[in-house]
Structures are given as structure tokens and as C-alpha cells.
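Following my numbering, the residues of the sequence shown are numbered contiguously, the last one being 121.
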Amino acid sequence: MKTIRQLIALSLMAGSMFFIAQAMASTPVQKDSSVINTLFAQTKPQCIGRYVIDVPESFNNKLHDMIFIDDFKIESKPLYPP
40 MKTIRQLIAL SLMAGSMFFI AQAMASTPVQ KDSSVINTLF AQTKPQCIGR
90 YVIDVPESFN NKLHDMIFID DFKIESKPLY PP
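The structure is reproduced here in C-alpha cells:
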């Protein structure tokens, strides 16, 4: 019986930590929002694979075929028709 209570308490704590972490991760920080607004005031479309995303006007990816955003590597290669 004691083990079941501990298991329930542990699962409730883990579940609440999961939901709190999600809420905190999606909330932008006030000091960062002004930087983001300034950075994305003027954008240009950039093709990455089949997706077109808006990047800041100062973004330059002409010399490289990849870019790192945080810890993610985005790589592009020409795709020639068969």
C-alpha cells in the first residue's frame, strides 16, 4: 500500500513538472522580445528544402551549405532531377 502511494505521488510530481516546464519554455522573456522584434523587422524568404522560411535581412548563407541554429544543423544540397 505504501509503495502504491509513493508511485502515485511520484507520477503526479513528474506530470506536474512536465506541464510546468512546457509553460515556462513557451513564454518569451521580455528582454528578448525587443531583440527579436528588431531582428525580424525586415525579413527575406529563404528556401530550405521544400520549405520557405522568413529570415532576417542580414542573414547571409551564400558561402556555406549549412547553418547551426541552437544545436540543430540545417544543411542544404542541390537536388537534381533524375
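The beta carbon of each residue, even a glycine, is placed where N, CA and C say it ideally should be.
Check, Outcome
"Within the segment 69 to 101, ranges of the alpha helix (DSSP H) (whole runs, at least 4 residues)", "69 to 78"
"K116 (DSSP reduced to helix, strand or coil)", "coil"
"Cα-Cα separation between Q69 and I75, rounded to whole angstroms", "10 Å"
"Minimum C-alpha distance to P117 - residue among I87, E96, Q45, D110", "I87"
"Whether P84 touches D71 by CB criterion (8 Å)", "no"
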